[in-house]
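Position in the sequence shown (first residue = 1) + 3 = the working numbering.
One structure below.
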Amino acid sequence: MGALVLYALLLAAGLLPLIAGMLLAGASGYPVSAAVLVLGVAAMVCLMVAALAAREAFAYQVGRWPSWERQPAGGWDRVAHILLGAAGLLGVMLQFGLNTGDLTIPLGGVGALAGYFCFAPPLQWYKRGWFEAAGALCFGLLPVLAGYYLQTGHLISEVFVYGTPLSLAAFNVFLVHGIPEAARKSQPARFSLAERLSPPATGLLFTVVNVLTIACLVFYLFFPAGALPARWALWVLLILAVINQELVKRRAYYDEGRITLLCRLTLALHLAMGLIFTWGLWQRV
């Protein structure tokens, strides 16, 4: 999978939880502001691309993510700074121009801390073993929470019903993408959790997180807050999660080809989850 396609899928995976949070506000009885939606999505894109640019500048060899290695690192750093500035300006417009609430800019700051500074100094969370947790936050609970808050100015517990399974699924996406490639096993630095743990321990961690993801989906399936327009779609998610678990059960982490398949299937699960949640909430608005 090429870098452009993969990063486009990552952008979609990050934006869908934000849109789901905004639609949750509409499903809760609040009017959905189109201006807030457009500016919120634009700010999210800026933060995500800034994080990707920071990886190119400071950590382009980390994980199984493709890189544009021929670009100068300093150029990517400047791109990231410009995008962070644009995200900050959009945050000011949202908070003070559209009155989205006092937590608007702080929420964007958390996104920058977990995204851009995951790779950029001085924090560089990826060197401290926090990359997977930061990715889980940025691709799950944080955007759902931010999307709902931008539209309403407060929070409800249903944010966790949607944000938690998305965060758990995102954690496993970043976990399996951190499994070292055979050509890089001699690399002395150990950054990802999969590099710090043995393959069986990585499989066990994946299993625990995947079982929790399945439990969240089962809860959502049998105890919905509103009508579910397509229950069959949730069964598709559960089947996909079980397939991923079967791959890990069969020790896919020892085979390069099956690791690649697992990377694609975990990302597919997260994307499908975001799409189904967004579609279901759209039906409730």
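Yeah, the Cβ is synthetic: ideal placement off N, Cα and C, and Gly gets one too.
Which residues mark the beginning and the end of the alpha helix (DSSP H) in which residue i is found?
| i | result |
| --- | --- |
| residue 158 | Careful: residue 158 lies outside any alpha helix (DSSP H) and carries neither H nor E. |
| residue 10 | 6-30 |
| residue 128 | Looking at the DSSP string, residue 128 is not in any alpha helix (DSSP H), and its letter there is neither H nor E. |
| residue 57 | 37-61 |
| residue 250 | 234-252 |
| residue 182 | Unbroken run through residue 182: none, as it is neither H nor E. |
| residue 115 | 107-117 |
| residue 286 | 259-287 |
| residue 1 | The structure shown has nothing for residue 1, since the chain only spans 4 to 288. |
| residue 67 | No alpha helix (DSSP H) holds residue 67; DSSP gives it neither H nor E. |
| residue 231 | Here residue 231 belongs to no alpha helix (DSSP H), and DSSP marks it neither H nor E. |
| residue 197 | 196-199 |
Is the distance from the Cβ of residue i to the Cβ of residue j below 8 Å?
| i | j | result |
| --- | --- | --- |
| residue 237 | residue 220 | yes |
| residue 26 | residue 44 | no |
| residue 164 | residue 151 | no |
| residue 196 | residue 181 | yes |
| residue 83 | residue 53 | yes |
| residue 160 | residue 139 | no |
| residue 46 | residue 122 | no |
| residue 183 | residue 20 | no |
| residue 33 | residue 155 | yes |
| residue 224 | residue 247 | no |
| residue 166 | residue 144 | yes |
| residue 15 | residue 274 | yes |
| residue 212 | residue 265 | no |
| residue 108 | residue 98 | yes |
| residue 217 | residue 173 | no |
| residue 29 | residue 288 | yes |
| residue 2 | residue 36 | What the structure shows of the chain is the stretch from 4 to 288, and residue 2 is not part of that stretch, so it cannot be assessed. |
| residue 222 | residue 129 | no |
Considering Cα atoms alone, identify which of the options is closest to residue i.
| i | options | result |
| --- | --- | --- |
| residue 8 | 277, 172, 270 | 270 |
| residue 104 | 132, 39, 129 | 39 |
| residue 254 | 129, 208, 97, 92 | 208 |
| residue 229 | 16, 285, 46 | 285 |
| residue 61 | 78, 47, 46, 50 | 78 |
| residue 51 | 179, 41, 174, 119 | 119 |
| residue 115 | 97, 99, 137, 98 | 137 |
| residue 291 | 23, 10, 12 | This structure does not reach residue 291, given that the chain is present from 4 up to 288, and the question cannot be answered. |
| residue 175 | 149, 146, 134 | 134 |
| residue 131 | 234, 258, 65, 276 | 65 |
| residue 68 | 177, 94, 87, 268 | 177 |
| residue 142 | 129, 155, 128, 168 | 168 |
| residue 88 | 127, 283, 48 | 48 |
| residue 249 | 263, 153, 31, 210 | 210 |
| residue 227 | 100, 283, 149 | 283 |
| residue 41 | 10, 153, 233, 127 | 153 |
| residue 281 | 259, 232, 63, 13 | 232 |
| residue 81 | 59, 10, 117 | 59 |
| residue 258 | 148, 71, 202 | 202 |
| residue 276 | 263, 261, 260, 242 | 242 |
| residue 158 | 106, 124, 96 | 106 |
query: What are the start and end residues of each continuous beta strand (DSSP E) run of 3 or more residues lying completely inside the segment 69-102, in chain order?
result: none
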